[in-house]
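Undergrad: Chains as they are written, first to last, in my numbering: chain W, 535 to 649; chain Z, 535 to 649. Cβ coordinates follow ideal geometry from the N, Cα and C atoms, glycine included. Could you have a look at this structure, given as structure tokens, before my questions?
There are 2 protein chains.
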Amino acid sequence: MEPLMESFTTELRRGTLTLAVLSQLRTPQYGYSLVQRLEKAGVTIEQSTLYPLLRRLEKQELLTSNWDTTESRPRKYYVISEYGSDIYEQLKKEWETMTAELKTLLEGDENDETD
Amino acid sequence: MEPLMESFTTELRRGTLTLAVLSQLRTPQYGYSLVQRLEKAGVTIEQSTLYPLLRRLEKQELLTSNWDTTESRPRKYYVISEYGSDIYEQLKKEWETMTAELKTLLEGDENDETD
DNA sequence: TCATAATAGTGTACGATGCATAGTATAAGA
DNA sequence: TCTTATACTATGCATCGTACACTATTATGA
Numbered sequence: 535m536e537p538l539m540e541s542f543t544t545e546l547r548r549g550t551l552t553l554a555v556l557s558q559l560r561t562p563q564y565g566y567s568l569v570q571r572l573e574k575a576g577v578t579i580e581q582s583t584l585y586p587l588l589r590r591l592e593k594q595e596l597l598t599s600n601w602d603t604t605e606s607r608p609r610k611y612y613v614i615s616e617y618g619s620d621i622y623e624q625l626k627k628e629w630e631t632m633t634a635e636l637k638t639l640l641e642g643d644e645n646d647e648t649d
Numbered sequence: 535m536e537p538l539m540e541s542f543t544t545e546l547r548r549g550t551l552t553l554a555v556l557s558q559l560r561t562p563q564y565g566y567s568l569v570q571r572l573e574k575a576g577v578t579i580e581q582s583t584l585y586p587l588l589r590r591l592e593k594q595e596l597l598t599s600n601w602d603t604t605e606s607r608p609r610k611y612y613v614i615s616e617y618g619s620d621i622y623e624q625l626k627k628e629w630e631t632m633t634a635e636l637k638t639l640l641e642g643d644e645n646d647e648t649d
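Okay, structure coming up:
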């Protein structure tokens, strides 16, 4: 992809990544599994994006975490907190509103399309 | 609004602002009018966000501009370029894809909602 | 008339985020 | 044994949205 488009799409994804991650954490997930889970849903997220995001969300108390060392390999599991669920619901509504507004704008410009 | 929500929604808007602005520039608009036009459509954009955005888009050759000094007050009019329209269409498709994917994810989490 | 608000734009500085990159370490498979 | 997959941490950069400060003209209205 053209570098300019790349940077625009990156900016488009911004913020929605938080939403995507929060949506998956009603059941405990660890970072690496989340990357692949989201990938399957069509949402690519780099490790270098996800791990800091998870730590940030935990610091903000939207998530809690605990290490599981019983399995073959240590994994840090994250779950959404009550507060996190609250924020998530609000954010989800915000996103839906925004999406609807933007949709209206973008449809509005198709009035006398030339193609 | 809670500061945390504020920062999340700011990040959510990111990128979509470019899309919103581009969608309005099939007819020439100047900065100040755009702010109000978008506001009416439910999209709040600060002057301190819009003006730099317009200049950036012009630098990237998605827009062209010219000063109109014939009216009571000098205004800088921007229009989308052919290249800009091209990028806009691509970006719009990107956004639609992303929106659909995210929608699936967000609906997926409503399986056994407790509220 | 003088103050205030609205209009219209520029410039600087800061914080947040996504990502590239590098590094650590273990497990599994060829 | 060598490579690949798994799993996470840490640093640094570029971009963008916004607060804030500033300039300047036009309308409004007390």
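One question on the structure: do Z:I621 and Z:L596 come within less than 9 Å of each other, judged by their Cβ atoms?
TA: Against a cut-off of 9 Å, the Cβ pair of Z:L596 and Z:I621 comes out as a contact.
Undergrad: Could you pull the DSSP bridge partners for Z:I579 from this structure?
TA: In the DSSP output, where bridge partners are listed per residue, Z:I579 has none listed.
Undergrad: So, with DSSP's three-state summary, where would you put Z:R560?
TA: If DSSP states are grouped into helix, strand and coil, Z:R560 belongs with coil.
Undergrad: Given that W:G618 touches chain Z, what residues does it touch there, using C-beta distances under 7 Å?
TA: In chain order: nothing, as chain Z lies at least about 11 Å away.
Undergrad: Report yes if the CB atom of Z:G634 is closer than 9 Å to the CB atom of W:E635, and no otherwise.
TA: The displayed chain sequence assigns Ala, not Gly, to residue 634 of chain Z. No, the Cβ-Cβ distance between Z:A634 and W:E635 is not below 9 Å.
Undergrad: Hey, how far is the Cα of Z:P537 from the Cα of W:G642?
TA: Approximately 33 Å between the Cα atoms of the pair.
Undergrad: For W:P562, which residues from the same chain have a beta carbon less than 8 Å from its beta carbon, with the 5 sequence-adjacent residues on both sides left out?
TA: Cβ within range, chain order: Y611, Y612, V613.
Undergrad: Let me know the secondary structure DSSP gives W:S541 once reduced to three states.
TA: If DSSP states are grouped into helix, strand and coil, W:S541 belongs with the helices.
Undergrad: Quick one: what does DSSP say W:G549 is sitting in, helix, strand or coil?
TA: Looking at W:G549 - three-state DSSP - the assignment turns out to be coil, as it is neither helix nor strand.
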